[in-house]
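**Student:** Below: one structure in structure tokens.
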Amino acid sequence: GAGVSQSPRYKVAKRGQDVALRCDPISGHVSLFWYQQALGQGPEFLTYFQNEAQLDKSGLPSDRFFAERPEGSVSTLKIQRTQQEDSAVYLCASSPRWGIDTQYFGPGTRLTVL
Amino acid sequence: SQQGEEDPQALSIQEGENATMNCSYKTSINNLQWYRQNSGRGLVHLILIRSNEREKHSGRLRVTLDTSKKSSSLLITASRAADTASYFCATDARRTTDSWGKLQFGAGTQVVVTP
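Listed in order, the protein sequences are those of chains A and B.
Numbered continuously in the working numbering, the first sequence closes out at residue 123.
Numbered continuously in the working numbering, the second sequence closes out at residue 571.
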């Protein structure tokens, strides 16, 4: 079956622009995670959804970052008024259940803010 | 902030050799996972070891976990050029409430396998 997909794969934005990154998790997966990966670093947690409920957004760097998953499937990560420090790869992952489980990652969206 | 630290940061070996990398972490965990990331691609799950397990095997991979030292190791035997990638350990920290799987990653070990 299809894995986790993300779009766009690459995004270039001018500083100050708003961007929206999309994640299509594996069908039926309850849990959805967003991570941010800076160059040469490991991914860092941003936020977590269980179905449509956002249970943890403690990793979002600022109030310019907003995520939603309105119907419990597709999720969107929105960044308003992008800054250069937002440049990173944004990874989405899903897992079948809540709790201790393997996470399946998408290919990521590479965001470059000029 | 990152929970785990991998050691070494980079590793260069020849095909057929074994590759060993280590991961240290700071807090008590429910489980520890190892992931592989090829250049420009997403993370691929390799193996999960629970806090009550000490060793686990999967194909050419062997993972150990020592919770008293808060450390884990990943051994890749008989390496191949296709094993060239970055390897990350990730921990699911133990909490008093039900865990829902938030992972904390280290900075990774870059492994290069030359033919």
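All residues carry an ideal CB built from backbone N, CA and C; glycine is no exception.
Treat the numbers as computed from the prediction; the structure is a model and nothing was measured.
(1) With 16 other CB atoms within 10 Å as the buried threshold, where does residue 535 of chain B fall?
(2) Rounded to whole angstroms, what's the CA-CA distance from residue 19 of chain A to residue 119 of chain A? Just pull it up for me.
(3) Taking C-beta pairs closer than 7 angstroms, name the residues in chain B that residue 58 of chain A reaches, listed in chain order.
(4) Spell out whether any CB of chain B is found under 8 angstroms from the CB atom of residue 99 of chain A.
(5) Strictly under 8 angstroms for the Cβ-Cβ distance: is residue 74 of chain A near chain B by that measure?
(6) Measure the Cβ-Cβ separation of residue 466 of chain B and residue 566 of chain B and say whether it is below 8 angstroms.
(7) Please return the same chain residues whose Cβ sits closer than 8 angstroms to the Cβ of residue 558 of chain B, not counting the five positions on each side in sequence.
(8) Please list, in chain order, all residues of the same chain as residue 79 of chain A whose beta carbon is under 7 angstroms from its beta carbon, the five residues on each side excluded.
(9) Near residue 473 of chain B, which residues of its chain fall below 6 angstroms by C-beta distance, leaving aside the five closest residues on each side in sequence?
(10) Taking a contact to mean a Cβ-Cβ separation below 8 angstroms, would you say residue 46 of chain A touches residue 97 of chain A in this structure?
(11) Output yes if chain A places a C-beta closer than 8 angstroms to the C-beta of residue 513 of chain B; else output no.
(12) Leaving out the 5 sequence neighbours to the left and right, which residues in its chain are closer than 7 angstroms to residue 523 of chain B when beta-carbon positions are compared?
(13) For residue 17 of chain A and residue 81 of chain A, I'd like the C-alpha separation in whole angstroms.
(14) Could you please give the first and the last residue of the uninterrupted beta strand (DSSP E) stretch that includes residue 119 of chain A?
(15) Is it the case that the Cβ atoms of residue 518 of chain B and residue 531 of chain B are separated by a distance below 8 angstroms?
(16) Could you have a look at residue 537 of chain B and say whether DSSP puts it in helix, strand or coil?
(17) Going by CA-CA distance only, name the one from B:526, B:475, B:464 that's closest to residue 539 of chain B.
(18) Run down chain A in chain order and give the residues with a C-beta less than 7 angstroms from the C-beta of residue 498 of chain B.
(19) Cβ closer than 9 angstroms: which chain A residues qualify as neighbours of residue 559 of chain B?
(20) Given a threshold of 16 other Cβ atoms within 10 Å of its Cβ, counted over all protein chains shown, does residue 495 of chain B qualify as buried or as exposed?
(21) Does residue 504 of chain B come within less than 8 angstroms of chain A when only Cβ atoms are used?
**Tutor:** Taking the geometry as given:
(1) Buried, because 16 or more other Cβ atoms sit within 10 Å of the Cβ of residue 535 of chain B.
(2) Rounded to whole angstroms, residue 19 of chain A to residue 119 of chain A spans 5 angstroms at the Cα level.
(3) Result: empty, since nearest Cβ-Cβ is about 10 angstroms, beyond 7 angstroms.
(4) Under the 8 angstroms criterion on CB atoms, residue 99 of chain A is classed as non-interfacial with respect to chain B.
(5) It does not; no Cβ of chain B falls within 8 angstroms.
(6) Cβ atoms of residue 466 of chain B and residue 566 of chain B: closer than 8 angstroms.
(7) Excluding the 5 residues flanking it on each side, residue 558 of chain B has same chain C-beta neighbours closer than 8 angstroms at 548, 549, in chain order.
(8) Beyond the five residues adjoining it in sequence on each side, residue 79 of chain A comes within less than 7 angstroms, by CB distance, of 61 in the same chain, given in chain order.
(9) If you ignore the 5 residues before and after residue 473 of chain B, its C-beta comes within less than 6 angstroms of the C-beta of 535, all in its own chain and listed in chain order.
(10) Taking the C-beta atoms as reference points, residue 97 of chain A is found nearer than 8 angstroms to residue 46 of chain A.
(11) Interface with chain A (8 angstroms Cβ-Cβ cutoff): residue 513 of chain B is excluded.
(12) Counting only residues of its own chain and dropping the five nearest sequence neighbours on each side, residue 523 of chain B has a CB closer than 7 angstroms to the CB of 507.
(13) Cα to Cα, residue 17 of chain A sits roughly 20 angstroms from residue 81 of chain A.
(14) From DSSP, the beta strand (DSSP E) with residue 119 of chain A extends over 118-122.
(15) Yes. Within cutoff.
(16) Correct three-state label for residue 537 of chain B: helix.
(17) Measuring from the Cα of residue 539 of chain B, the nearest candidate turns out to be B:475.
(18) Here the neighbours are 100, 114, 115, 116, 117.
(19) By Cβ distance, chain A contributes 42, 44, 52, 54, 102, 112.
(20) Classification of residue 495 of chain B: exposed, given that the 10 Å Cβ count is below 16.
(21) Cβ-Cβ to chain A under 8 angstroms: yes for residue 504 of chain B.
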